[in-house]
Structure formats: structure tokens, C-alpha cells
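Counting from 1 along the sequence shown, just add 2 to a position and that's the residue number in our numbering. Glycine residues also receive a C-beta, built at the ideal position from the N, C-alpha and C atoms.
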Amino acid sequence: MTAADLFASLSIPIVQAPMLGASGLEMAAAVSGAGGLGSLAAGALSPDDIIEQCRAMRGRTDAAFQLNLLIVRPAAPDPEDVADALERLAPWHDRLGIELPAPPNDYAPDFEAQFAALLTAAPPAASFTFDVLAADQVAALQAAGTLVVGTATTVAEARAWAAAGADAICAQGAEAGGHRGEFLNPGPESLVGTMALVATIRAAVGLPVIAAGGIMDGRGVAASLALGAAAAQMGTAFLRADEATISGPWRRSLEGVVDEATAVTRAFTGRNARGIENRFMREMKGEPVPAYPVQNRLTRELRAAGGRLGDAEVLSLWAGQGVTLGRPGRAADLVKAWWDEAVAVSDALYARTHGRAETRR
Ligand SMILES: Cc1cc2nc3c(=O)[nH]c(=O)nc-3n(C[C@H](O)[C@H](O)[C@H](O)COP(=O)(O)O)c2cc1C
């Protein structure tokens with residue numbers, strides 16, 4: 003099956019974004035079962051758990067799904083840099099009355115081991131972010147029967163994935179919530195809006211494109227398809243779903259969010275990510291922080307304690323620019339409602355362009 007076949011086979015061309023820390027098996031199974039493409043966020047999973055999650059997913063639905071990994075190289079930071087970074091985090095631990103952690107021994111899961119498990123599990127599709135795979139890794143997945151989706155934030159990154167042999171590109175616009183997938187040119191140059199990014203990647207690379215970033219309802223889904231995308235990937239729109247695995251303070255922040263509340267920060271993890279701006283983001287602005295995955299690991303206990311103790315000011319409240327449009331509900335109902343809206347939008351456009359009120363149906 004080609005990626006074009008996979009997207010054409012979906013009765014609803016909506017991809018539930020993999021969201022580490024916010025989405026799990028329940029959400030992925032609900033979305034695939036409803037006719038969209040569910041995603042397992044496996045960036046933090048052990049090799050055994052990767053195999054188990056794919057098995058569980060197959061037990062829940064016959065429909066297609068994808069598994070997502072973060073391409074992270076092993077980190078061996080200078081102990082002095084780690085000590086400095088922990089020192090800067092000390093007042094935040096004091097605020098919560100928790101102990102500053104000791105320097106960790108490991109910083110991120112072993113990507114090569116995760117990749118080997120992925121080859122064994124062989125889900126219908128796998129998506130990747132933070133870097134590009136080598137051509138032989140892409141070929142190995144394809145030989146196992148897995149379609150390869152590479153995340154790109156610029157046309158240059160889409161070309162890099164195409165050169166590696168990927169089957170499809172996930173075009174992640176500047177509006178997107180969570181971590182930026184940028185790997186060639188981190189920073190403002192990689193903050194391209196979804197509308198421009200999808201259309202320019204479509205023009206530059208002859209692969210199916212998944213639009214991601216700021217798509218919150220059927221209007222965004224219809225707009226993505228109009229731009230030439232094969233499907234629309236939605237993350238923030240699922241954060242208030244019943245199946246979202248987020249903490250109480252995060253959920254309450256989403257419910258109470260005001261316009262223009264998000265910003266891009268490196269403060270939590272050492273990698274650019276978009277979330278609802280809070281005190282940690284404001285006060286850490288401009289502070290030197292070690293690159294991902296080091297800072298991500300060093301703030302782990304702090305963020306977990308914030309969730310436990312109900313302090314949203316130290317939490318990474320990942321969310322995209324469309325966050326105020328989020329609604330609660332069951333993931334399957336949300337997907338179906340968004341697709342109904344997309345069809346209605348397309349009918350209204352048809353009526354507008356043909357100068358009459360009736361629709362095609
Ligand atoms: C809470 C959260 C966690 C995310 N985690 C991941 C992840 O684990 N892997 C990944 O490829 N993308 C991740 N993303 C990015 C999404 O795949 C997608 O690009 C983004 O949600 C699209 O923009 P939207 O949030 O405006 O819909 C995450 C996004 C959010 C909001």
C-alpha cells in the first residue's frame with residue numbers, strides 16, 4: 003500500500019496527532035475506530051512497550067494506525083553544565099517544596115532500541131520528528147510493511163525526508179502546539195505558517211502531505227484539503243477530549259485560556275515548543291538552558307510535581323495557537339463532528355462558487 007492509498011482509504015482524512023504526555027492507546031483506538039488515523043505517541047516507551055502497544059491497538063481495531071518516535075541522539079552533557087542548569091531550577095523546586103534531583107545517569111530512551119522494536123511491531127505507518135532517518139532505516143521499515151512519515155517545518159526538511167525515501171511528509175506549521183520538529187535550522191526561520199508550508203511542500207516534493215498546526219475544526223480540515231493535503235493532523239483540538247491523559251491543572255488551563263495565550267519556549271526542554279505562557283516560561287526567558295534531551299530530563303520531576311500539586315505555573319502546558327477553539331467530548335464524536343463540518347464547508351463553497359444555494363448532495 004502506498005501512503006496515498008492509506009489516506010484515500012480513510013473514511014475521515016483526520017490524523018490524531020501523537021501527543022507524548024497527552025494521548026494514549028484509548029485516544030488512538032477511538033480515532034482509528036471512527037475512520038480517522040490514530041497515532042500512538044511512543045517517544046518515551048521502552049522497546050517492549052512499543053511492541054505491546056501495537057499488539058493492543060491491533061486487538062482494539064482492524065483499522066490503520068501509526069506509531070510515532072522522537073529521533074533523539076544519546077546525550078553526554080558536561081557535568082558542570084548540568085550542575086549550572088540544576089542550580090537555575092533550584093528556586094522552582096523550592097517554590098513547590100520538593101527536592102532538587104541529583105544529576106541523572108540517562109537522559110532519553112535508546113532510540114536505536116526503540117527503532118528495532120518498531121521494526122518487529124511493524125505498524126501500518128510510523129511517523130518521526132526532531133530529525134531525519136537514514137535511507138537504510140527508511141528502507142528497512144518499508145520492507146517490514148510500515149509506511150514512513152517524516153515531520154518537516156520547512157521545505158528544506160521536507161526535501162531531506164524525500165531524499166531519505168519517506169512515503170509522506172507531515173508539514174508542521176508555526177501554529178502547532180507542542181515541540182517543533184525542526185532539525186535543519188532551529189529558530190525563527192523554521193516558524194512557517196501552515197498555509198504557506200503545506201502549499202510550498204506540495205509544490206517542492208512529490209509526496210502526500212499531512213497538514214498540521216492550528217487545525218481546530220472542520221473549517222481547518224477543509225482548508226487543509228483545499229491546499230492539497232492528503233489529511234489534516236490535529237493535536238490541540240484533541241487535548242480536551244475525554245481520552246486525553248493530561249493533568250487536572252493542564253486541563254483547567256485549557257478551559258480558561260484567553261486569546262493569544264501561547265508562545266514558543268526552550269525553557270522546559272531545551273527544544274522549541276509551543277504552549278500556554280506561564281510564569282516558568284516568562285521568568286526563564288533568555289536564561290541559558292542545555293539542549294534537548296538534557297533540559298527535558300532535568301525539569302521532569304518539577305513538571306510532574308506541578309501536575310500533582312496543582313501548580314500550572316511550572317507545567318509545560320503544550321497547546322497550539324488555535325487553543326481557544328478547543329471543545330470537550332469523546333474523541334470519536336469530535337472526529338465525526340469535524341468531518342461533518344468540513345463537508346458542510348465544502349458544500350457552502352460549492353454553492354458560493356456556482357452562484358446558487360443548493361448543494362451537490
Ligand atoms: C501536547 C502535545 C504533545 C505533542 N507530542 C508530540 C509527539 O510526541 N510527537 C510528535 O511528532 N508530535 C507531537 N506534537 C505535535 C503534533 O504532532 C502536531 O504537530 C501538533 O499538535 C499540530 O498542531 P495543533 O496542536 O495546532 O493541532 C505534540 C503536540 C501537542 C499539543
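Quiz item: Beta-carbon separation of residue 175 and residue 194 under 9 Å?
Solution: yes
Exercise. Compare the C-alpha of residue 97 against each of 230, 12 and 304 and name the closest.
Key: 304
Exercise. Report whether the distance from the Cβ of residue 320 to the nearest heavy atom of ligand 1 is below 8 Å.
Key: Yes, Cβ of residue 320 sits closer than 8 Å to a heavy atom of ligand 1.
Practice problem: In the DSSP assignment, find the unbroken alpha helix (DSSP H) run with residue 318 in it and report its ends. | Solution: For residue 318, there is no enclosing alpha helix (DSSP H), since its DSSP letter is neither H nor E.
Exercise. Under 7 Å Cβ to Cβ from residue 72, same chain only, skipping five residues before and after it: list those, please.
Key: 45, 131 and 132
Self-check item: Coarse secondary structure for residue 196, derived from DSSP in three states
Solution: helix
Quiz item: From residue 342 to residue 43, what does the alpha carbon distance come to, in whole angstroms?
Solution: Near 27 Å, if we compare the C-alpha coordinates of residue 43 and residue 342.
Quiz item: Hey, out of 138, 27, 183 and 139, whose CA is closest to residue 155's CA?
Solution: 183
Quiz prompt | At least 3 beta-carbon pairs within less than 8 Å: the segment 234-254 vs the segment 24-32 | solution = Verdict: yes, contact present.
Practice problem: Given a cut-off of 9 Å, decide if residue 85 and residue 220 are closer than it, judged by their beta-carbon atoms. | Solution: no
Exercise. Would you kindly report the start and end of the unbroken alpha helix (DSSP H) that includes residue 393?
Key: This structure gives no information on residue 393, because the portion of the chain shown stretches from 3 to 363.
Quiz item: Would the beta-carbon of residue 70 be found less than 8 Å away from any heavy atom of ligand 1?
Solution: yes
Exercise. Using only the heavy atoms of ligand 1, determine whether one of them is closer than 8 Å to the beta carbon of residue 19.
Key: yes
Exercise. Answer with buried or exposed for residue 351, where buried requires no fewer than 16 other C-beta atoms within 10 angstroms of its C-beta.
Key: By the neighbour-count rule (16 or more Cβ atoms within 10 Å), residue 351 is not buried but exposed.
Quiz prompt | Meets three-Cβ-pair contact criterion under 8 Å: the segment 256-276 and the segment 290-308 | solution = yes
Exercise. Report yes if the C-beta distance between residue 314 and residue 263 is below 9 Å; otherwise report no.
Key: no
Exercise. Return yes when the Cβ of residue 344 is within less than 9 Å of the Cβ of residue 331, no when it is not.
Key: Contact flag unset, no.
Exercise. For the beta strand (DSSP E) holding residue 70, just list the boundary residues, first then last.
Key: 67-72
Quiz item: How would you call residue 311, buried or exposed, if buried means at least 16 neighbouring beta carbons within 10 angstroms?
Solution: It counts as exposed.
Exercise. Report yes if the C-beta of residue 217 is less than 8 Å from at least one heavy atom of ligand 1; otherwise report no.
Key: Because some heavy atom of ligand 1 lies under 8 Å away, the Cβ of residue 217 counts as near it: yes.
Practice problem: Would you mind stating whether residue 324 and residue 239 have Cβ atoms separated by less than 9 Å? | Solution: Going by C-beta atoms, residue 324 is nearer than 9 Å to residue 239.
Practice problem: Give a yes or no on whether the C-beta atoms belonging to residue 277 and residue 293 are separated by under 9 Å. | Solution: no
Quiz item: Near residue 283, what residues of its chain come up, given a Cβ to Cβ distance below 8 Å and the 5 sequence neighbours on each side ignored?
Solution: 265, 267, 269, 270 and 277
Exercise. Quick one: residues in its chain with C-beta nearer than 6 Å to the C-beta of residue 124, no 5 flanking neighbours on either side, listed in chain order?
Key: 146, 147 and 148
Quiz item: Is DSSP giving residue 235 helix, strand or coil here?
Solution: strand
Practice problem: Below 8 Å CB to CB, which residues in the same chain sit around residue 79 once its five sequence neighbours on both sides are set aside? | Solution: 109, 292 and 296
Exercise. Say yes only if the C-beta of residue 241 is nearer than 8 Å to one or more non-hydrogen atoms of ligand 1, and no if none qualify.
Key: yes
Exercise. Grab me the residues of residue 100's own chain with a C-beta within less than 8 Å of its C-beta, minus the 5 sequence neighbours each way, in chain order.
Key: 303, 304 and 307
Quiz item: When you compare only the Cα positions, how much space is there between residue 173 and residue 77?
Solution: 27 Å
Quiz item: Helix, strand or coil: which one does DSSP assign to residue 325?
Solution: helix
Quiz item: Going by other Cβ atoms of all chains shown within 10 Å of its Cβ, with 16 needed for buried, is residue 36 buried or exposed?
Solution: buried
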